[in-house]
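Position one of the sequence shown corresponds to residue 6 (the numbering used here), numbered consecutively onward.
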Amino acid sequence: MRIEDLDLGASWAAKVIANTALTPPEAREEVRELLLETVEDEHDFRAGQSVAVSVTGPHEFGQQEHVRLYTVARTPAELGPGRFTLCVKRCSFIDPYSGERFPGIASNYLCDLQQGDRLSLAGPVGLPFLIPSDPYTPLLMIGLGTGIAPFRAMLRELYEERDWQGKVMLFHGARTGLESVYSSDVNEISERAEGFSPVSVVSPRPAWGDREDLTAAIRSHRDEVWQLLGEPEVHVYIAGLHWVGEQFDQAMAEAAGSAGAWAERKQELESAGRWTSLLY
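What follows is the structure, given as structure tokens:
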């Protein structure tokens with residue numbers, strides 16, 4: 006789905022309350038959390054929903070306006086009316102023809118905002134990561150990099166509002182432990198929630214720029230994951246870059262014995278409304 010095809014509705018303003026680094030200075034990647042507050046009308050968000058960030062141009066490649074979607078990490082239910090956070094990684098891209106590196110417009114704009122600054126937003130956009138009504142339902146979550154953002158909000162709802170009793174398994178992480186965000190939140194929940202099983206995923210060769218190896222992490226927990234996916238009421242949630250979904254499919258095809266067998270099980274989950282993905 007393209008941003009141009011979405012009905013974003015009217016734009017609205019928010020102001021920056023705080024802009025905090027989630028990664029230390031020595032990390033290879035910079036990830037920040039922006040605490041924002043709506044200026045006039047309050048807007049409510051649920052886990053898995055995003056806002057559209059608009060950066061006015063003109064920009065280097067001719068756009069008058071640059072729009073990108075960012076998933077809400079902390080919601081007004083946690084922070085109070087009108088307040089929410091975005092988890093943003095400072096990005097850059099390399100021109101395939103010249104080899105020149107350019108800063109990502111929206112991510113650098115957000116990372117450089119200061120307390121008191123205002124920005125133009127629209128939304129919320131997208132369906133929320135709906136939590137089943139039965140608190141004994143098993144859940145499988147996959148969220149690498151900033152894909153952990155919707156699960157930060159979801160875990161809070163599960164264990165602080167819903168007293169969740171079902172098995173919950175979360176694969177999360179980044180290239181290195183230094184770049185893994187919300188780990189303290191995940192660890193705190195794992196210490197007090199008996200049914201919560203987090204699995205940290207990192208790159209086997211971060212110095213070479215290799216991605217996190219989700220396939221290997223799932224392979225190490227294959228029996229547990231496959232048993233969870235065999236539960237009749239299990240719900241699956243995936244968030245992150247497109248390759249996260251590709252690695253997950255590869256790992257589950259191995260666990261199922263063939264790509265066809267996994268495709269059949271995945272289709273069953275999708276048809277039953279028990280599969281939700283937010284890949285970008």
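No residue lacks a Cβ here, since even glycine has one placed at the ideal position from N, Cα and C.
Under 8 angstroms, do Gly178 and Ser205 count as touching if we go by C-beta distance?
yes
For Arg123, collect the residues of the same chain with a Cβ closer than 6 angstroms to its Cβ; drop the 5 residues on either side in sequence, then sort them by chain order.
Ala18 and Lys20
To which residues does DSSP link Gly17 through a beta bridge?
The amino acid at residue 17 is misidentified as Gly; the sequence shows Trp. Trp17 pairs with Leu126.
What are the start and end residues of the alpha helix (DSSP H) that includes Val241?
That residue, Val241, is in no alpha helix (DSSP H); its beta strand (DSSP E) goes His240 to Gly245.
Alpha carbons only, please: which of Ser263, Gly262 and Leu284 is nearest the one belonging to Val249?
Leu284
Hey, quick one: how far does the beta strand (DSSP E) through Tyr75 stretch, first residue to last?
Glu70 to Arg79
Where the alpha helix (DSSP H) through Ala266 begins and ends
Ala264 to Ser276
If the criterion is Cβ atoms closer than 8 angstroms, does the pair Glu184 and Ala78 meet it?
no
Looking at the secondary structure, which residues open and close the beta strand (DSSP E) in which Phe156 lies?
It is not in any beta strand (DSSP E) - Phe156 instead sits in the alpha helix (DSSP H) that spans Ala154 to Arg161.
Ends of the beta strand (DSSP E) at Arg88?
Arg88 to Lys94
Consult DSSP for Trp169 and reduce its assignment to one of helix, strand or coil.
coil
Are there 16 or more other CB atoms within 10 angstroms of the CB of Phe98, so buried, or fewer, so exposed?
By the Cβ neighbour-count rule, Phe98 is exposed, with fewer than 16 other Cβ atoms within 10 Å of its own.
In whole angstroms, what is the alpha-carbon distance linking Leu13 and Val72?
11 angstroms
Of all the options Glu38, Ala264, Arg37 and Asp46, which has the alpha carbon lying nearest to the alpha carbon of Ser16?
Asp46
Do three or more CB pairs link the stretch 39 to 59 to the stretch 128 to 135 at distances below 8 angstroms?
yes
List the DSSP bridge partners of Leu283.
Ala244
From Leu145, Phe176, Asn192 and Ala221, residue whose alpha carbon lies closest to that of Gly235
Sorting Leu145, Phe176, Asn192 and Ala221 by C-alpha distance to the C-alpha of Gly235 places Leu145 at the top.
Hey, out of Asn24, Leu149, Thr281 and Glu42, whose CA is closest to Pro203's CA?
Leu149
In whole angstroms, what is the alpha-carbon distance linking Gly225 and Ser208?
Here residue 225 is Ser; the residue named in the question, Gly, does not match the sequence. Each residue's alpha carbon lies about 15 angstroms from the other.
Given Pro129 as reference, the closest of Gly152, Gln232, Val173 and Pro81 once Cα atoms are compared:
Pro81
Could you compute how far the alpha carbon of Glu269 sits from the alpha carbon of Phe253?
15 angstroms
Go ahead and pull the three-state DSSP assignment for Ile110.
helix
CB contact flag (Trp231, Ala260, <8 angstroms):
yes
For Pro86, which residues in the same chain have their Cβ closer than 8 angstroms to its Cβ, ignoring the five residues on either side in sequence?
Glu47
Near Gln170, what residues of its chain come up, given a Cβ to Cβ distance below 7 angstroms and the 5 sequence neighbours on each side ignored?
Pro140, Tyr141 and Gly200
Below 8 angstroms CB to CB, which residues in the same chain sit around Ala277 once its five sequence neighbours on both sides are set aside?
Answer for Ala277: no residue qualifies.
Whole angstroms is fine: what's the gap from Phe89's alpha carbon to His240's?
26 angstroms
Helix, strand or coil, according to DSSP, for Glu83 in the structure here?
helix
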